[in-house]
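Protein chains in written order, with this note's numbering: chain F, 4 to 423; chain Y, 4 to 423.
Please read the structure below before turning to the comments.
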């Protein structure tokens with residue numbers, strides 16, 4: 004079983020938008036255990052679209068087309084496919100009713116081209132569009148490849164593919180051996196170092212594939228096992244994960260596509276009822292904004308301080324003017340005084356502070372990327388740590404926040420194991 | 004002149020990464036005036052790669068391959084191309100020297116496969132990789148399509164394409180009629196409303212194409228004109244821009260791919276020497292972090308407050324307890340008191356405050372997305388404005404910040420025209 008994804012849209016060929024639709028469909032095919040060896044992009048041109056349909060139908064069992072189902076004169080995908088299949092287009096009554104209702108509701112005149120959106124190739128199963136008007140279709144052919152027609156706008160496409168198309172594909176092509184995946188998330192180790200540490204495992208991979216992926220400020224490993232049952236896959240994944248942990252477990256902070264370092268840290272602090280505040284210079288609120296993104300954080304986060312100017316460091320969190328004069332603002336003493344001052348002001352259990360050089364210019368003779376982080380943690384002595392980050396202004400600020408969160412994670416883990 | 008982009012990589016076919024390389028190359032081709040009617044993705048498989056090279060060479064004058072130039076056993080692109088062209092691979096001495104030096108420097112043993120990275124098809128012009136070790140190549144053929152070989156990692160590919168390959172393409176294919184683009188940036192109007200307002204212009208577009216694109220929290224219009232000279236293109240773009248401004252000019256805040264609402268606002272405030280602070284509840288530092296991202300902001304931004312809990316609103320920016328008790332925290336009175344209090348604390352010219360319901364849960368009986376923004380602006384009476392935002396927690400917080408910035412932009416524009 005082998006499928007090709009064809010994205011139809013001149014705006015992709017012009018580089019105006021990135022083809023994320025094919026990524027989403029490819030992930031879905033992998034989950035269904037359907038192989039995919041080719042992807043194609045073609046513009047809104049019926050002659051060229053016809054040739055790519057023909058090539059794809061010859062080399063695949065299933066051809067998935069996204070885009071070109073709308074009401075404009077550029078939208079020609081289903082007309083072209085119907086011509087290739089030599090079948091007429093017929094109307095989906097339910098979809099047509101939705102279109103008619105929509106125009107009645109908004110008191111607008113429905114032009115003839117809007118009817119186009121309710122049409123699909125005769126003999127296909129129409130697929131409902133929950134986020135738009137253009138209907139999709141799944142066409143099973145006895146003597147050529149099968150075809151799946153999906154809309155182009157990502158919101159419409161992903162919803163239709165996930166809820167309507169995937170069950171149809173599953174039913175049509177039976178139980179393929181599925182691919183089960185597990186995502187391991189690492190912070191504090193670069194992709195190349197991770198790959199070097201795991202070289203033997205990656206080179207010898209057999210039942211479980213190990214795919215490293217460098218994301219912004221972190222690295223993930225996607226472990227994938229093709230197996231007939233979930234239990235079989237889980238056992239294989241567990242074995243490889245244990246081997247990975249033995250080598251780089253110290254950097255592993257969590258699991259899953261939707262997880263993040265901040266979510267793991269804040270969830271742990273909420274569970275342990277540890278409150279937190281921050282005093283931020285170069286990060287200018289990015290740390291507090293990051294923890295503010297986690298639902299439920301209000302239970303442990305009263306607020307905090309952005310102390311960009313020296314006057315604000317002194318006025319808002321009581322950094323002694325003598326410390327600034329003697330040690331400078333980019334210093335261990337200032338970082339510790341900021342964390343202590345913020346914690347004292349709001350009477351929290353912990354506080355993080357950030358002071359350093361975001362760039363592009365140097366400060367106090369120190370280059371961009373020089374950052375001191377302060378951590379006041381419960382009854383332990385407040386500490387400062389020096390970091391050197393590379394990258395532009397935004398990158399340096401993001402890395403500062405991540406480094407602070409990782410320090411906090413390690414403090415929390417030292418007291419009791421963290422649920423990842 | 005017609006080119007096809009082929010991305011080589013199994014991880015794209017599995018949906019593990021999105022094919023941003025093709026987007027970048029497509030943009031470059033559009034700028035060079037080279038048409039592109041097809042894009043293809045194929046895995047790290049020499050037989051299938053050979054077939055897509057053959058199809059692409061038949062239907063194009065130039066075939067651009069990215070990916071598969073590295074040292075691992077999966078990297079087979081240049082070997083496959085050399086076989087198709089029936090030429091040997093030869094060594095780029097300069098690239099080989101870089102590889103040897105790198106290994107000497109890191110005291111590591113160079114394995115034989117690393118030499119592969121310095122090879123290119125005989126007869127091609129090698130292209131330097133400024134961000135990695137694998138050399139690229141531009142092969143001009145008298146009797147088949149030409150080929151451009153680029154590495155797969157986006158940092159390496161974009162650098163090589165922009166600095167090494169584009170000048171070669173320009174020189175090889177002479178002065179094509181180029182496409183000149185201009186990006187107009189809008190805030191406060193949705194994509195569908197923008198398209199509706201501009202329907203006649205978009206339907207009648209001829210010399211200048213108008214491509215709307217919805218980004219996070221804003222919409223851009225890319226105007227593109229194909230012309231022989233820059234002056235000719237500029238005149239055509241100016242005409243259409245004037246027509247667009249006549250309809251939706253009120254929402255236009257700036258120009259360019261790399262611009263942003265915050266950059267326009269902060270640049271204007273720096274120019275006018277107007278200082279600013281913030282008091283943030285639901286946004287939890289996101290506003291201050293956003294302005295903190297603009298280089299030079301320290302001249303006008305001393306710092307500010309995150310007042311998440313009621314106690315912090317009272318303690319840090321002097322919101323009277325009576326106001327909170329009587330009006331609630333999500334109220335005009337609290338928003339105004341927060342802005343006034345923050346401005347007073349740090350003696351700035353302006354202050355923005357944000358208080359509202361980020362969700363997912365309601366607060367004080369008000370649903371997620373209910374937000375009051377306060378603006379203390381110079382000697383004008385401090386005002387509060389009520390907004391209702393849709394979306395998840397992060398979206399609501401982002402939209403709040405953008406709405407505050409837009410309000411500030413309009414205040415600044417009312418005093419004197421803003422340079423966009």
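We put the CB at the ideal spot given by N, CA and C, even for glycine.
This structure is a prediction, so every number in the text was calculated from the model and none was measured.
Would you kindly work out how many angstroms separate the C-alpha atoms of residue i and residue j, rounded to a whole number?
| i | j | result |
| --- | --- | --- |
| residue 389/F | residue 289/F | 19 Å |
| residue 53/Y | residue 93/F | 40 Å |
| residue 287/Y | residue 412/F | 21 Å |
| residue 44/F | residue 60/Y | 16 Å |
| residue 401/Y | residue 220/Y | 8 Å |
| residue 268/Y | residue 74/F | 39 Å |
| residue 175/F | residue 6/F | 13 Å |
| residue 40/F | residue 12/Y | 10 Å |
| residue 403/Y | residue 392/Y | 8 Å |
| residue 85/F | residue 124/F | 6 Å |
| residue 160/Y | residue 31/Y | 12 Å |
| residue 229/Y | residue 250/Y | 24 Å |
| residue 34/Y | residue 182/Y | 5 Å |
| residue 15/F | residue 23/Y | 11 Å |
| residue 10/Y | residue 21/Y | 11 Å |
| residue 324/Y | residue 351/F | 21 Å |
| residue 258/F | residue 264/F | 10 Å |
| residue 117/F | residue 51/F | 25 Å |
| residue 2/F | residue 89/F | Look at the range of chain F in this structure, 4 to 423, and you will see that residue 2/F is not part of it. |
| residue 330/F | residue 407/F | 21 Å |
| residue 127/F | residue 144/F | 9 Å |
| residue 17/F | residue 4/Y | 15 Å |
Is the beta carbon of residue j closer than 8 Å to that of residue i?
| i | j | result |
| --- | --- | --- |
| residue 481/Y | residue 342/Y | Outside the displayed span of chain Y (4 to 423) sits residue 481/Y, for which this structure offers no information. |
| residue 338/F | residue 346/F | no |
| residue 151/Y | residue 137/Y | no |
| residue 226/Y | residue 187/Y | yes |
| residue 83/Y | residue 70/Y | no |
| residue 299/Y | residue 291/Y | no |
| residue 313/Y | residue 344/Y | no |
| residue 215/Y | residue 204/Y | no |
| residue 425/Y | residue 333/Y | Past the boundaries of the shown model lies residue 425/Y; chain Y is included only from 4 to 423, so the question cannot be answered. |
| residue 361/F | residue 399/F | yes |
| residue 139/Y | residue 153/Y | yes |
| residue 190/F | residue 405/F | yes |
| residue 67/Y | residue 87/Y | no |
| residue 285/F | residue 372/F | no |
| residue 99/F | residue 133/F | no |
| residue 29/F | residue 58/F | no |
| residue 27/F | residue 141/F | no |
Return the first residue and the last residue of the beta strand (DSSP E) that residue i is part of.
| i | result |
| --- | --- |
| residue 106/F | Not the beta strand (DSSP E): residue 106/F falls in the alpha helix (DSSP H), residues 96 to 108. |
| residue 257/F | 255 to 258 |
| residue 124/F | 122 to 124 |
| residue 282/F | 279 to 283 |
| residue 112/Y | From DSSP, residue 112/Y is part of no beta strand (DSSP E); its letter is neither H nor E. |
| residue 128/F | 128 to 130 |
| residue 72/F | Note, residue 72/F: premise wrong, no beta strand (DSSP E); not H, not E. |
For the alpha helix (DSSP H) that contains residue i, what are its first and last residues?
| i | result |
| --- | --- |
| residue 274/F | 264 to 274 |
| residue 240/Y | 233 to 251 |
| residue 85/Y | 80 to 88 |
| residue 49/Y | 49 to 62 |
Would you list, in sequence order, the uninterrupted alpha helix (DSSP H) runs of no fewer than 4 residues that lie entirely inside the region 320 to 385 of chain F?
324 to 330 and 335 to 349
Along the chain, which unbroken stretches of the beta strand (DSSP E) at least 3 residues long are found entirely within the region 296 to 320 of chain F?
306 to 310
Could you tell me which whole beta strand (DSSP E) segments of length 3 or greater appear in the region 11 to 43 of chain Y?
none
Contact between the region 291 to 310 of chain F and the region 373 to 387 of chain F: three or more CB pairs below 8 Å?
no
Length at least 3, wholly inside the region 194 to 220 of chain F: the beta strand (DSSP E) runs in chain order:
211 to 218
Within 8 Å, do at least three Cβ pairs link the region 261 to 277 of chain F to the region 198 to 205 of chain F?
no
Kindly confirm or deny that the region 207 to 219 of chain F and the region 235 to 254 of chain F touch, where touching means at least three C-beta pairs closer than 8 Å.
yes
Kindly confirm or deny that the region 148 to 164 of chain Y and the region 98 to 117 of chain Y touch, where touching means at least three C-beta pairs closer than 8 Å.
no
Threshold first: 4 residues or longer. Then list the alpha helix (DSSP H) segments lying entirely within the region 387 to 419 of chain Y, N to C.
396 to 418
Within the region 134 to 184 of chain Y, ranges of the alpha helix (DSSP H) (whole runs, at least 4 residues)
157 to 163 and 169 to 176
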